[in-house]
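S.K.:
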Amino acid sequence: MARRTRRAVLTALGSGIAATAGCGAFGRERVDVLVAGSLQKAASETLQTQTDVDVAVEARGSVQAARLVADGKRDPAIVALADPTLFDRVMDTAWHAVVASNEMVLAYNPETDGGARVAEADPWYAPLRGGSVSLGRTDPTLDPLGYRTLFVLALAADYYDEPGLADAVLSPDQTYPETQLLAQFETGAVDAAFVYRSMAIERDYPFREFPPEIHLGDPAHAEQYQSTSYALPNGAAITGSPIEYGAVRRDEQEATRTAFEAVLSGDWLASHGFTLRQTYPRLMGDVPSTVTR
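Using this note's numbering, read the sequence shown as starting at 6 and increasing by one per residue.
1) Grouping DSSP H, G and I as helix and E and B as strand, with all else coil, what is W100?
2) What three-state label does DSSP hand V60 in the structure shown?
3) Short check: CB of G42 to CB of L150, under 9 Å?
4) Of all the options L237, E228, R153, L147, which has the alpha carbon lying nearest to the alpha carbon of H220?
5) Where does the unbroken beta strand (DSSP E) through R262 begin, and where does it stop?
6) Nearest by alpha-carbon distance to A2: which of P89, D37, A260, P286 is it?
7) Leaving aside the five residues before and after G169 along the sequence, list all residues of the same chain whose C-beta is less than 6 Å from its C-beta, in chain order.
8) Nearest-angstrom Cα distance between F199 and E266?
9) Within the same chain, show all residues whose beta-carbon is closer than 7 Å to that of A275, passing over the 5 residues directly before and after it, in chain order.
10) Rounding to the nearest angstrom, what Cα-Cα distance links L237 and A194 in this structure?
11) For S234, write down the residues that DSSP places opposite it in a beta bridge.
12) Measure how close the beta-carbons of A271 and V104 come, nearest whole angstrom, since I'm counting them as under 8 Å.
13) Please state the DSSP three-state secondary structure of L147.
14) Would you mind working out which of I248, T233, E167 sits nearest E203, comparing C-alpha positions?
15) Closest by CA to G77, which one among A102, T184, G119, R255?
16) Going by alpha carbons, who is nearest to A47 out of R35, A64, E34, R33?
17) In chain order, which alpha helix (DSSP H) runs of at least 4 residues are fully inside the segment 187-241?
18) So what does DSSP say about Y250, is it helix, strand or coil?
19) Where does R282 fall in DSSP's three states?
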(Lines of atoms letter the chains of each structure in order from A and count residues from 1; the text may use other names and numbers.)
(Lines give C-alpha, C1' and ligand atoms only; values in the text may rest on other atoms or scores of the structure.)
Protein backbone atom coordinates (compact mmCIF):
# COMPACT_ATOMS: atom_id res chain seq x y z
CA MET A 1 0.00 0.00 0.00
CA ALA A 2 2.85 2.40 0.81
CA ARG A 3 4.37 1.91 -2.63
CA ARG A 4 1.10 2.71 -4.38
CA THR A 5 0.80 5.89 -2.33
CA ARG A 6 4.30 7.03 -3.29
CA ARG A 7 3.65 6.35 -6.97
CA ALA A 8 0.44 8.31 -6.79
CA VAL A 9 2.44 11.26 -5.48
CA LEU A 10 5.01 10.88 -8.26
CA THR A 11 2.26 10.71 -10.86
CA ALA A 12 0.79 13.95 -9.56
CA LEU A 13 4.19 15.61 -9.74
CA GLY A 14 4.67 14.33 -13.27
CA SER A 15 1.45 16.02 -14.35
CA GLY A 16 3.01 19.41 -13.74
CA ILE A 17 2.66 20.15 -10.03
CA ALA A 18 5.83 21.91 -8.95
CA ALA A 19 7.80 20.13 -6.23
CA THR A 20 9.35 21.85 -3.24
CA ALA A 21 12.39 20.87 -1.25
CA GLY A 22 11.90 18.73 1.84
CA CYS A 23 11.40 15.21 3.03
CA GLY A 24 9.79 12.49 1.00
CA ALA A 25 8.09 9.24 1.92
CA PHE A 26 8.94 7.76 5.34
CA GLY A 27 11.03 10.82 6.25
CA ARG A 28 13.65 10.17 3.55
CA GLU A 29 15.38 13.02 1.77
CA ARG A 30 13.49 14.06 -1.36
CA VAL A 31 15.21 14.99 -4.62
CA ASP A 32 13.24 16.87 -7.26
CA VAL A 33 13.97 15.55 -10.75
CA LEU A 34 12.78 17.18 -13.98
CA VAL A 35 12.92 14.74 -16.89
CA ALA A 36 12.08 14.43 -20.57
CA GLY A 37 8.64 13.01 -21.27
CA SER A 38 10.17 9.85 -22.74
CA LEU A 39 11.98 9.28 -19.42
CA GLN A 40 8.88 9.60 -17.25
CA LYS A 41 8.05 5.92 -16.92
CA ALA A 42 11.65 4.86 -16.28
CA ALA A 43 12.19 7.63 -13.73
CA SER A 44 8.90 7.18 -11.88
CA GLU A 45 8.88 3.38 -11.81
CA THR A 46 12.52 2.27 -11.88
CA LEU A 47 14.90 5.05 -10.83
CA GLN A 48 13.23 5.11 -7.41
CA THR A 49 14.23 1.48 -6.87
CA GLN A 50 17.89 2.29 -7.60
CA THR A 51 18.37 4.78 -4.77
CA ASP A 52 17.54 5.23 -1.08
CA VAL A 53 16.34 8.82 -1.50
CA ASP A 54 12.78 9.72 -2.48
CA VAL A 55 12.72 10.81 -6.13
CA ALA A 56 9.98 13.31 -7.03
CA VAL A 57 9.53 13.30 -10.79
CA GLU A 58 8.11 15.97 -13.07
CA ALA A 59 8.07 15.25 -16.81
CA ARG A 60 7.99 17.77 -19.66
CA GLY A 61 9.11 17.99 -23.24
CA SER A 62 12.88 18.55 -23.06
CA VAL A 63 12.89 21.96 -24.74
CA GLN A 64 10.12 23.13 -22.43
CA ALA A 65 11.87 21.63 -19.39
CA ALA A 66 15.16 23.35 -20.22
CA ARG A 67 13.35 26.63 -20.77
CA LEU A 68 11.52 26.38 -17.43
CA VAL A 69 14.83 25.97 -15.62
CA ALA A 70 16.57 28.69 -17.63
CA ASP A 71 13.72 31.12 -16.87
CA GLY A 72 13.78 30.33 -13.15
CA LYS A 73 10.32 28.75 -13.17
CA ARG A 74 11.64 25.38 -11.97
CA ASP A 75 14.55 24.63 -9.64
CA PRO A 76 15.05 20.84 -9.74
CA ALA A 77 18.08 19.19 -8.20
CA ILE A 78 18.55 16.99 -11.28
CA VAL A 79 17.55 17.56 -14.91
CA ALA A 80 17.56 14.75 -17.49
CA LEU A 81 16.84 15.67 -21.12
CA ALA A 82 16.40 13.84 -24.43
CA ASP A 83 18.98 16.05 -26.16
CA PRO A 84 22.22 17.02 -24.37
CA THR A 85 22.72 20.03 -26.67
CA LEU A 86 19.90 21.74 -24.76
CA PHE A 87 22.16 22.05 -21.72
CA ASP A 88 24.34 24.38 -23.79
CA ARG A 89 21.76 25.96 -26.12
CA VAL A 90 19.01 26.69 -23.57
CA MET A 91 20.16 26.09 -19.97
CA ASP A 92 23.78 27.24 -20.44
CA THR A 93 25.20 24.74 -17.95
CA ALA A 94 28.94 24.33 -17.41
CA TRP A 95 28.78 20.56 -17.72
CA HIS A 96 26.55 17.53 -18.21
CA ALA A 97 26.69 13.76 -18.52
CA VAL A 98 25.52 11.69 -21.51
CA VAL A 99 23.80 8.56 -20.22
CA ALA A 100 21.84 6.74 -22.95
CA SER A 101 20.82 6.52 -26.60
CA ASN A 102 17.64 5.70 -28.52
CA GLU A 103 16.26 5.60 -32.05
CA MET A 104 13.13 6.71 -33.87
CA VAL A 105 10.37 4.28 -34.91
CA LEU A 106 6.81 4.49 -36.22
CA ALA A 107 4.47 2.91 -33.66
CA TYR A 108 1.02 1.84 -34.82
CA ASN A 109 -2.28 0.64 -33.37
CA PRO A 110 -3.05 -2.81 -34.81
CA GLU A 111 -6.68 -2.49 -33.67
CA THR A 112 -7.54 0.32 -36.09
CA ASP A 113 -7.92 0.16 -39.88
CA GLY A 114 -5.29 2.84 -40.33
CA GLY A 115 -2.87 1.10 -37.98
CA ALA A 116 -3.31 -2.17 -39.87
CA ARG A 117 -2.43 -0.38 -43.11
CA VAL A 118 0.75 1.01 -41.53
CA ALA A 119 1.70 -2.48 -40.37
CA GLU A 120 1.48 -3.90 -43.89
CA ALA A 121 2.66 -0.92 -45.95
CA ASP A 122 5.64 -1.03 -48.29
CA PRO A 123 7.16 1.49 -48.07
CA TRP A 124 6.19 2.38 -44.51
CA TYR A 125 5.25 5.98 -45.35
CA ALA A 126 2.77 5.14 -48.13
CA PRO A 127 -0.41 5.17 -45.99
CA LEU A 128 0.68 8.34 -44.18
CA ARG A 129 0.23 10.45 -47.29
CA GLY A 130 -2.94 12.48 -47.71
CA GLY A 131 -4.32 12.10 -44.19
CA SER A 132 -6.02 8.71 -44.59
CA VAL A 133 -4.15 7.51 -41.48
CA SER A 134 -4.46 9.48 -38.23
CA LEU A 135 -0.89 10.36 -37.26
CA GLY A 136 0.48 11.60 -33.94
CA ARG A 137 3.70 13.49 -33.24
CA THR A 138 4.98 16.07 -30.80
CA ASP A 139 5.57 19.80 -31.10
CA PRO A 140 9.15 20.50 -32.27
CA THR A 141 9.16 23.78 -30.34
CA LEU A 142 8.68 21.86 -27.08
CA ASP A 143 10.73 18.68 -27.31
CA PRO A 144 13.38 16.85 -29.34
CA LEU A 145 10.98 14.08 -30.36
CA GLY A 146 9.12 16.71 -32.37
CA TYR A 147 12.12 18.02 -34.28
CA ARG A 148 13.58 14.54 -34.66
CA THR A 149 10.37 13.54 -36.43
CA LEU A 150 11.11 16.30 -38.94
CA PHE A 151 14.69 15.03 -39.25
CA VAL A 152 13.46 11.49 -39.98
CA LEU A 153 11.15 12.70 -42.73
CA ALA A 154 13.86 14.88 -44.27
CA LEU A 155 16.31 11.98 -44.25
CA ALA A 156 13.63 9.64 -45.64
CA ALA A 157 12.91 12.05 -48.50
CA ASP A 158 16.55 11.74 -49.59
CA TYR A 159 16.88 8.04 -48.85
CA TYR A 160 13.78 7.04 -50.84
CA ASP A 161 14.09 9.86 -53.42
CA GLU A 162 10.70 11.25 -52.38
CA PRO A 163 10.90 15.07 -52.53
CA GLY A 164 8.12 16.73 -50.57
CA LEU A 165 7.55 13.72 -48.32
CA ALA A 166 7.24 15.83 -45.16
CA ASP A 167 4.65 18.12 -46.76
CA ALA A 168 2.62 15.09 -47.84
CA VAL A 169 2.70 13.51 -44.36
CA LEU A 170 2.52 16.36 -41.85
CA SER A 171 -0.36 18.59 -40.79
CA PRO A 172 -0.74 21.03 -37.85
CA ASP A 173 -3.42 18.98 -36.08
CA GLN A 174 -1.12 16.01 -35.38
CA THR A 175 0.76 17.34 -32.35
CA TYR A 176 0.30 16.13 -28.77
CA PRO A 177 2.32 16.64 -25.56
CA GLU A 178 5.07 14.02 -25.36
CA THR A 179 3.74 12.69 -22.05
CA GLN A 180 0.34 12.03 -23.68
CA LEU A 181 1.23 10.93 -27.20
CA LEU A 182 1.12 7.16 -26.79
CA ALA A 183 -2.00 7.34 -24.62
CA GLN A 184 -3.81 8.33 -27.82
CA PHE A 185 -3.43 4.72 -29.00
CA GLU A 186 -5.57 3.45 -26.15
CA THR A 187 -8.46 5.70 -27.17
CA GLY A 188 -8.01 5.04 -30.88
CA ALA A 189 -7.41 8.76 -31.45
CA VAL A 190 -4.37 8.05 -33.61
CA ASP A 191 -3.45 5.13 -35.85
CA ALA A 192 0.30 5.70 -35.78
CA ALA A 193 2.89 7.95 -34.16
CA PHE A 194 6.54 8.87 -34.54
CA VAL A 195 8.11 7.89 -31.19
CA TYR A 196 11.32 6.64 -29.63
CA ARG A 197 11.89 2.89 -29.65
CA SER A 198 11.94 2.96 -25.84
CA MET A 199 8.45 4.49 -25.69
CA ALA A 200 7.02 1.69 -27.82
CA ILE A 201 8.92 -1.11 -26.06
CA GLU A 202 8.01 -0.12 -22.50
CA ARG A 203 4.32 0.05 -23.45
CA ASP A 204 4.39 -3.03 -25.70
CA TYR A 205 3.20 -1.20 -28.83
CA PRO A 206 4.12 -2.68 -32.25
CA PHE A 207 6.23 -0.49 -34.50
CA ARG A 208 7.87 -0.16 -37.90
CA GLU A 209 11.64 0.19 -37.86
CA PHE A 210 13.56 2.61 -40.10
CA PRO A 211 16.90 2.00 -41.82
CA PRO A 212 19.90 3.22 -39.79
CA GLU A 213 20.40 5.98 -42.36
CA ILE A 214 17.10 7.42 -41.09
CA HIS A 215 16.40 6.37 -37.49
CA LEU A 216 18.97 8.71 -35.84
CA GLY A 217 20.31 5.94 -33.62
CA ASP A 218 23.51 4.87 -35.38
CA PRO A 219 26.73 6.85 -34.74
CA ALA A 220 28.12 5.48 -38.03
CA HIS A 221 25.63 7.73 -39.85
CA ALA A 222 26.26 10.86 -37.78
CA GLU A 223 27.52 12.83 -40.77
CA GLN A 224 24.38 11.99 -42.73
CA TYR A 225 22.15 13.05 -39.82
CA GLN A 226 23.91 16.41 -39.75
CA SER A 227 22.32 17.34 -43.08
CA THR A 228 19.13 18.17 -41.13
CA SER A 229 18.49 21.04 -38.72
CA TYR A 230 15.76 22.90 -36.84
CA ALA A 231 15.67 26.41 -35.32
CA LEU A 232 14.29 26.61 -31.77
CA PRO A 233 12.04 29.55 -30.81
CA ASN A 234 15.02 31.23 -29.09
CA GLY A 235 16.91 31.16 -32.40
CA ALA A 236 19.30 28.36 -31.45
CA ALA A 237 19.87 25.93 -34.31
CA ILE A 238 19.68 22.19 -33.57
CA THR A 239 21.53 19.99 -36.05
CA GLY A 240 20.61 16.35 -36.58
CA SER A 241 22.80 13.90 -34.67
CA PRO A 242 22.63 10.42 -33.13
CA ILE A 243 20.02 10.48 -30.36
CA GLU A 244 21.46 10.78 -26.88
CA TYR A 245 20.12 11.58 -23.42
CA GLY A 246 21.91 13.76 -20.89
CA ALA A 247 21.62 14.70 -17.25
CA VAL A 248 23.03 17.32 -14.91
CA ARG A 249 23.18 17.68 -11.13
CA ARG A 250 22.39 21.18 -9.90
CA ASP A 251 23.39 21.14 -6.23
CA GLU A 252 25.87 19.45 -3.88
CA GLN A 253 23.38 18.04 -1.35
CA GLU A 254 24.22 14.49 -0.29
CA ALA A 255 20.78 13.20 -1.33
CA THR A 256 21.17 14.79 -4.76
CA ARG A 257 24.61 13.24 -5.19
CA THR A 258 23.23 9.83 -4.23
CA ALA A 259 20.34 10.09 -6.70
CA PHE A 260 22.62 11.35 -9.47
CA GLU A 261 24.94 8.37 -9.05
CA ALA A 262 21.90 6.18 -9.80
CA VAL A 263 21.12 8.31 -12.86
CA LEU A 264 24.69 7.90 -14.14
CA SER A 265 24.62 4.13 -13.70
CA GLY A 266 22.00 3.74 -16.43
CA ASP A 267 20.50 0.72 -14.65
CA TRP A 268 17.12 2.46 -14.45
CA LEU A 269 16.99 2.69 -18.26
CA ALA A 270 18.07 -0.79 -19.34
CA SER A 271 14.67 -2.47 -18.99
CA HIS A 272 12.85 0.38 -20.72
CA GLY A 273 14.29 -0.05 -24.21
CA PHE A 274 17.08 2.54 -24.13
CA THR A 275 20.50 1.84 -25.63
CA LEU A 276 23.35 1.89 -23.10
CA ARG A 277 26.76 2.10 -24.76
CA GLN A 278 30.06 1.17 -23.13
CA THR A 279 31.14 4.81 -23.44
CA TYR A 280 28.35 5.92 -21.06
CA PRO A 281 28.26 7.82 -18.88
CA ARG A 282 30.27 10.35 -20.88
CA LEU A 283 31.10 13.44 -18.84
CA MET A 284 31.23 16.72 -20.76
CA GLY A 285 32.49 20.18 -19.79
CA ASP A 286 33.75 21.48 -16.44
CA VAL A 287 32.61 18.51 -14.37
CA PRO A 288 32.70 18.96 -10.56
CA SER A 289 35.18 16.74 -8.74
CA THR A 290 32.31 15.36 -6.66
CA VAL A 291 30.73 13.72 -9.72
CA THR A 292 31.85 10.12 -9.91
CA ARG A 293 31.04 7.42 -12.41
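Glycine included, each C-beta is placed from N, C-alpha and C at the ideal position. Model, not experiment: these values are computed from the prediction.
M.R.: On the basis of the supplied data:
1) strand
2) strand
3) yes
4) R153
5) Per DSSP, R262 belongs to no beta strand (DSSP E); it is in the alpha helix (DSSP H), 259-270.
6) Nothing in the structure corresponds to residue 2, since the chain is present only between 6 and 298.
7) none
8) 31 Å
9) L281
10) 28 Å
11) T244
12) Looking at the sequence provided, one finds Gly at residue 271 rather than Ala. Contact flag correct, Cβ pair sits at about 6 Å.
13) coil
14) Rather than Glu, the amino acid found at residue 203 in this sequence is Ser. Of the listed residues, the one whose Cα sits closest to S203 is I248.
15) R255
16) A64
17) 188-192, 202-208, 227-230
18) strand
19) coil
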